[in-house]
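*Asks:*
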Amino acid sequence: MTRLPFPVTLARKIYTSMVRIRSFEERICRLYSQQEMRCPVHLSTGQEAIAAGTLIQLRRQDYVVSTHRNHGHLIAKGAALKSMFAEMYGRQTGCSRGKGGSMHMSFPQAGIAGTSAIVAGGLPIAVGLAWGSVLQKNRRISAVFFGDGAVDEGTFYESLNFASLKKLPVVFVCENNFYATNSPQKARQTNPRIHEIARFFRIPGTCIDGNDVVAVYTAAAGAIERCRKGAGPSLIEARTFRWKTHVGVESDLEKGFRRQEEVALWFRRCPVKRFERYLLSRGMVSQQWIDTVRESVDKEISRAVEFARNSPYPRPETESTDV
Amino acid sequence: MWDKAPEQSSSGRNQKPRARGRGRLLSYREAIREGLLQAMEQDRRVFLFGEGIDDPAGVFGTTAGLQQRFGAGRVFDTPICENTLTGIAIGSSLAGLRPVLIHMRTDFLLMSMDQLANHAAKWKYMFGGATPLPMVVRAVIGGGWGSAAQHSQPLQAIFAHIPGLKVVMPACAYDAKGLLLSGIAEQSPVLFIDHRWLYDEKDAVPAAAYRIPLGKAHVVRKGSRLSLICVSFMRKLALQAAAELAKEGIDVEVIDVRTIKPLDMVTINRSVGKTGRALVLDFGYSFCGITAEIAARISRDVFGSLKAPVYRIGLPDTPTPASPVLEKCFYPGPDAITDTIRRIMRGQKRVGKHR
Ligand SMILES: Cc1ncc(C[n+]2csc(CCOP(=O)(O)OP(=O)(O)O)c2C)c(N)n1
Ligand SMILES: [Mg+2]
């Protein structure tokens, strides 16, 4: 890891954000078998650094658009954990009032415009949000997260082209975890270097270790600055790995979809542990501080789950509202 | 857990599967797989492709082991680019192959719409029939477990709406295999839509390859008082409802349309001409849906025999909600059918708001 490009107070915030994401999804794993969260869940465990390192730098009114694997982005951008849990529990108090489930959460008051479970579906929408802020001169920028799978779709290229053409304030963040479901990147793309695609569109493209939150922060800082200056979009390819099955709370290793060495390698690169060791070894935080953070996050999550479970289900007649 | 159907109040008991004729009992899932396998054995031009079809899960088990059997040249995983894959199917068909393009969900077909509607559906006609265009696009419907708005859309009506596409929707294992083999043998594009709530339903299926002609409905149960005309999964509910109503002395005829385009109005009209009452069921949106088409034709063709208006049950005019309580309102169960039929039989004016 490189030298810290941000003050210790910010480092602590970023760490806390990562712990919140990790703990949120660990809690889902613990509770999912109770079958009260009756929706498919796509966990981002192992990929937390990308959401936290990028979104901590956005303002509340800046936009973010995400995918089926969206929990980290929502949490890092400031969605309320209780309304996320309530959504997964199918309750009226959920951020989508029980209409969306885990795959479809939005939180407009924190700039979270929405999440699409259609691969690459969010890309042009993020470009449109950026166009909206340019035209209305409200200085909002737009960040869009997508997987390596989205690079297979035509709209990925069309979105880059349009954003570049109009010099729009978009940060394209590709979370390259090397798989789309169980289809490896090399079975779908001849050039694994996704960031190189940006260059063709005259967009700066960088490739970083997505499990190194400092690297994520630095790359995102550059991209965001370009947006704020009106210099146009950037693309960040953040390489990472998802620890859980594509959908659900199991592990691909147990299911026999991954090799032991591959999984072990990525477990060693745990983004949360890494940043924790980094901060501890430099005396930026104490073990006691870490324990306190984990404890308070745990309590926050318990309260959120409690809130969700105690919330009413939507009234049946709301099935036909909001159309 | 991805595969679970939402809970339904079931007033009708499940039909026990019985091996009729010379078939073995085979599940809907296995029947589709066998159809694909035999099509590939019979005709070297047939190949299968689609996102994740080589996955150990094998598109709900329907493509399991086929790559091992036929090799990666004829069964392969693809990039996630549905529209382009559809164009590739068209091109390879024009070059003499018989592509079968497989999607896990019908929602993704919306990505294919340009190649499907502007190209596949038109190619034969706009060049005056110069070249045939055999190709099958197979996709899966059926949501549940909070699949929600983007992973559960039954879009059969949209495809049927486009001139130049045939739409096949089997509701039992026997039909699935026979219609799939026919679809692959067709000379123009066929959409084959299977329903995931049916995958474990068993039925007698002959081991040999056989074809069921497109455009032939099937009278699944004979009856005299009302014709229950159904599409896809609704056949299962229709049979449950018919069994329930039989106990009350209401003798219902059940017709599975099997292919919504071409549509077999002869069989449907013959039945309604006899019973004088019709309820049309689709696992799809009622608004501008298949049920509307069928109901309009019945009302015109056998108007003189009708003793009651033609009613319909389908999905409401809303996207699919995620919450289990809302899903329950969204998907009709067998009770909706039995209730509606009782009201029709009593000659009630108000049969139900979506009917
Ligand atoms: C247009 C479209 N095609 C196929 C799918 C099915 N699908 C859902 S997620 C997924 C894989 C996505 O992989 P990636 O973009 O790398 O994201 P990851 O799941 O790895 O985070 C696929 C193929 C879909 N949702 N949308
Ligand atoms: Mg991926």
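Chains A and B are the protein sequences, given in the same order. Residue 182 in my numbering sits at position 182 of the first sequence, and the numbers go up by one each step. Count along the second sequence starting at 1, add 1000, and that's the number in my numbering. Where is the CB? At the ideal position from N, CA and C, for every residue including glycine.
Checking contacts by CB at 9 Å: is residue 195 of chain A closer than that to chain B?
*Replies:* By this cut-off, residue 195 of chain A is not an interface position.
*Asks:* Ends of the alpha helix (DSSP H) at residue 1104 of chain B?
*Replies:* Where residue 1104 of chain B is concerned, there is no enclosing alpha helix (DSSP H), given that its DSSP letter is neither H nor E.
*Asks:* I'd like to confirm something about residue 148 of chain A: is its beta-carbon nearer than 8 Å to some heavy atom of ligand 2, or not?
*Replies:* True, at least one ligand heavy atom lies under 8 Å from that Cβ.
*Asks:* What residues in the segment 143-177 of chain A have a beta carbon less than 7 Å from any beta carbon of chain B?
*Replies:* Of all residues in the segment 143-177 of chain A, 149, 152, 153, 154 have a Cβ within less than 7 Å of some Cβ in chain B.
*Asks:* Residues of chain A with a CB under 8 Å from the CB of residue 1316 of chain B: which are they?
*Replies:* Chain A residues near residue 1316 of chain B: 319, 320.
*Asks:* Once you ignore the five residues that flank residue 24 of chain A on each side, which residues in its own chain have a CB closer than 7 Å to its CB?
*Replies:* Correct list, in chain order: 71, 75, 81, 301.
*Asks:* Only counting the same chain, and skipping five residues up and downstream in sequence, which positions put a Cβ closer than 6 Å to that of residue 29 of chain A?
*Replies:* Closer than 6 Å at the Cβ level, and outside the excluded window around residue 29 of chain A, lie 249.
*Asks:* Could you give the DSSP three-state label for residue 1140 of chain B: helix, strand or coil?
*Replies:* If DSSP states are grouped into helix, strand and coil, residue 1140 of chain B belongs with the strands.
*Asks:* Could you check where the alpha helix (DSSP H) with residue 1158 of chain B kicks off and where it finishes?
*Replies:* Residue 1158 of chain B -> alpha helix (DSSP H) spans 1156-1161.
*Asks:* From residue 83 of chain A to residue 314 of chain A, what does the alpha carbon distance come to, in whole angstroms?
*Replies:* Roughly 13 Å separates the two Cα atoms.
*Asks:* Using DSSP with H/G/I as helix, E/B as strand and the rest coil, what is residue 1202 of chain B?
*Replies:* Note: residue 1202 of chain B maps to strand in three-state DSSP.
*Asks:* Please list the partners that residue 313 of chain A has in chain D, where partner means a Cβ-to-Cβ separation under 7 Å.
*Replies:* Chain labels in this structure do not include chain D; the protein chains are A and B.
*Asks:* Taking the continuous beta strand (DSSP E) assigned at residue 1285 of chain B, which residues delimit it?
*Replies:* Its beta strand (DSSP E) spans residues 1278-1285.
*Asks:* Would you say residue 284 of chain A faces chain B, with C-beta separation under 9 Å as the test?
*Replies:* No, residue 284 of chain A does not count as interfacial toward chain B.
*Asks:* State the start and end residues of the unbroken alpha helix (DSSP H) segment that holds residue 195 of chain A.
*Replies:* It spans 195-200 - the alpha helix (DSSP H) in which residue 195 of chain A sits, taken as one unbroken run.
*Asks:* Can you check which of these residues, B:1244, B:1042, B:1258, B:1324, is closest to residue 1342 of chain B by C-alpha distance?
*Replies:* Taking only the C-alpha atoms, the option nearest residue 1342 of chain B is B:1244.
*Asks:* Please go through the same chain and pick out, in chain order, the residues whose beta-carbon is closer than 6 Å to the beta-carbon of residue 1012 of chain B, but skip the five residues on each side of it.
*Replies:* For residue 1012 of chain B, the predicted model reports a pLDDT of 36, less than 50, meaning its position is unreliable; a value from the coordinates is still stated below. Closer than 6 Å at Cβ, skipping near neighbours: 1240, 1241, 1243, 1244, 1334.
*Asks:* Are residue 1267 of chain B and residue 1255 of chain B touching if we call contact CB-CB under 9 Å?
*Replies:* Yes. Within cutoff.
*Asks:* Can you find a C-beta in chain B that's less than 9 Å from the C-beta of residue 189 of chain A?
*Replies:* Cβ-Cβ to chain B under 9 Å: yes for residue 189 of chain A.
*Asks:* I want to see whether chain B comes within less than 9 Å of residue 121 of chain A, judged by CB atoms only; does it?
*Replies:* True, the Cβ-Cβ gap to chain B drops below 9 Å.
*Asks:* Determine, using beta carbons only, whether residue 1005 of chain B comes closer than 9 Å to chain A.
*Replies:* Summary for residue 1005 of chain B: the model assigns pLDDT 43, below 50, so the residue's position carries little reliability, and this model does not support an answer.
*Asks:* What is the residue span of the alpha helix (DSSP H) that residue 178 of chain A lies within?
*Replies:* Residue 178 of chain A -> no alpha helix (DSSP H), and no H or E assigned at all.
*Asks:* What are the boundary residues of the beta strand (DSSP E) that includes residue 1314 of chain B?
*Replies:* Looking at the DSSP string, the run of the beta strand (DSSP E) that includes residue 1314 of chain B is 1311-1315.
*Asks:* Is there a C-beta anywhere in chain A that falls below 9 Å from the one on residue 1049 of chain B?
*Replies:* Closer than 9 Å: no.
*Asks:* Classify residue 1259 of chain B as helix, strand or coil using the three-state DSSP reduction.
*Replies:* Note: residue 1259 of chain B maps to strand in three-state DSSP.
*Asks:* From residue 107 of chain A to residue 58 of chain A, what distance separates their C-alpha atoms?
*Replies:* In a straight line, the C-alpha of residue 107 of chain A is about 15 Å away from that of residue 58 of chain A.
*Asks:* Taking a contact to mean a Cβ-Cβ separation below 9 Å, would you say residue 1103 of chain B touches residue 1050 of chain B in this structure?
*Replies:* Result yes, Cβ atoms of residue 1103 of chain B and residue 1050 of chain B sit closer than 9 Å.
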